[in-house]
Amino acid sequence: MDEPVESQNEQINPVENTVKQSDDSSVETAQLPEEEPKREFLFRYRGWVLGVLSLIMLVFEPADLEIVMFLVFVNVFILAFFLRVKARRVIGDHTRGDIQDADELVTWGAYARLRHPLYVSNAAFGISLIILHLGLSLRVIPFIVVLVAFEVYLGKLDDRFLEKKFGDEWKIWAQQTPAFFPREFHRSGPMRSAKEAFLADHFTWLWMIMILLLIVVRKIAFMLWT
-7 MDEPVESQNE QINPVENTVK QSDDSSVETA QLPEEEPKRE FLFRYRGWVL GVLSLIMLVF
53 EPADLEIVMF LVFVNVFILA FFLRVKARRV IGDHTRGDIQ DADELVTWGA YARLRHPLYV
113 SNAAFGISLI ILHLGLSLRV IPFIVVLVAF EVYLGKLDDR FLEKKFGDEW KIWAQQTPAF
173 FPREFHRSGP MRSAKEAFLA DHFTWLWMIM ILLLIVVRKI AFMLWT
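Okay, here's the thing in structure tokens:
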């Protein structure tokens, strides 16, 4: 009598069965060669790429500090901050490293709403800083286009890596979860506190403070010299 019950459960829960099958596939993909050189290089030096883009932006003449521009900066910055902390509450510390890795496929919390919340957060942070420095003008367009294209490309490289490692489990999650535009959905799972998530990203906050100080100093110097 036990065997018919098992087969009936398999028919009722096809998604669960697919995920179970993916456990076997993940064992096979674990023996795949190392990441592609392009993905490994971009992941290792992603912070440097954004740093160089920031320095190039600072070379340009700063815009006057207007109230509308400042409000846009503050709101986008707060949204990026909120999203990053939400993502860091459910993902491991390996995201700060130089080697791309994933012990498990995180599909809850912020990752139940979109696949790349950290990249979306990075893009939002960058856009807010670009607007703060250059204002609401056509000059911001090339910087925003390059920044968004870079983050989207990193997200696609991550998708390829995760698909190779987790197989069908990733495919099911990717079919249900958009890459960059969040959906209204929540799935519970292990989660650290907001304070722990904030402290885990201290290098990001230090970098952000440094860029903000450079932008402020650049604006003050420009006003004094003119």
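Counting with the numbering used here, you get residues -7 to 218 for the letters of the sequence shown. All C-beta atoms, glycine included, are put in the ideal place defined by N, C-alpha and C.
Quick one: give me the first and last residue of the alpha helix (DSSP H) that residue i is part of.
i, result
"Glu155", "Val132 to Phe158"
"Thr99", "Note, Thr99: premise wrong, no alpha helix (DSSP H); not H, not E."
"Glu188", "Ala186 to Ala192"
"Pro174", "Per DSSP, Pro174 belongs to no alpha helix (DSSP H) and is neither H nor E."
"Ser129", "Taken as a continuous stretch (DSSP letters only), Ser129 belongs to no alpha helix (DSSP H), as it is neither H nor E."
"Ile83", "Note, Ile83: premise wrong, no alpha helix (DSSP H); not H, not E."
"Arg38", "Arg38 to Val51"
Quick one: what's got a C-beta closer than 6 Å to residue i's C-beta in the same chain, skipping five residues either side?
i, result
"Ala114", "One detail in the question is off: residue 114 reads as Asn in this sequence, not Ala. If we look at Asn114 and ignore the five residues flanking it on each side, its Cβ neighbours are Glu143."
"Ala189", "Val77, Arg80 and Arg81"
"Gly127", "Ala55 and Met61"
Rounded to the nearest angstrom, what separates residue i and residue j at their Cα positions?
i, j, result
"Leu75", "Leu216", "37 Å"
"Leu205", "Arg131", "21 Å"
"Arg175", "Thr169", "8 Å"
"Ala104", "Lys157", "19 Å"
"Ile70", "Phe214", "27 Å"
"Leu198", "Val208", "15 Å"
"Val64", "Phe153", "35 Å"
"Val51", "Val138", "16 Å"
"Ala192", "Ile83", "10 Å"
"Phe133", "Ile48", "The sequence given here has Ile at residue 133, not Phe. About 14 Å."
"Phe172", "Gly101", "15 Å"
"Asn67", "His125", "15 Å"
"Arg36", "Ser129", "33 Å"
"Leu149", "Leu34", "9 Å"
"Trp162", "Tyr145", "18 Å"
"Leu110", "Arg38", "13 Å"
"Ser17", "Leu106", "With a pLDDT of 39 at Ser17, under the threshold of 50, the predicted position of this residue should be treated as unreliable, though the coordinate-derived value follows. Distance between the alpha carbons of Ser17 and Leu106 is about 24 Å."
"Trp165", "Glu53", "45 Å"
"Met200", "Glu32", "24 Å"
Once you ignore the five residues that flank residue i on each side, which residues in its own chain have a CB closer than 7 Å to its CB?
i, result
"Asp15", "At Asp15 the pLDDT is 42, less than 50, meaning the model places this residue with poor confidence and gives no usable figure here."
"His108", "Gly147, Asp150, Ala171 and Phe172"
At a cut-off of 7 Å, would you count residue i as near the ligand SAH, judging by its Cβ distance to the nearest heavy atom?
i, result
"Leu216", "Of ligands this structure carries none, so the ligand SAH is not represented either."
In chain order, what residues of the same chain lie with their CB nearer than 8 Å to the CB of residue i, ignoring the 5 residues before and after it?
i, result
"Leu57", "Lys211"
"Ala116", "Val68, Phe69, Leu71, Ala72 and Leu75"
"Ile203", "Ser46 and Leu121"
Inset, instruction - Please determine if the segment 93 to 102 and the segment 121 to 138 are in contact, where contact requires at least 3 C-beta pairs separated by less than 8 Å. - result: In short, these stretches do not touch, since the Cβ pair count stays below three.
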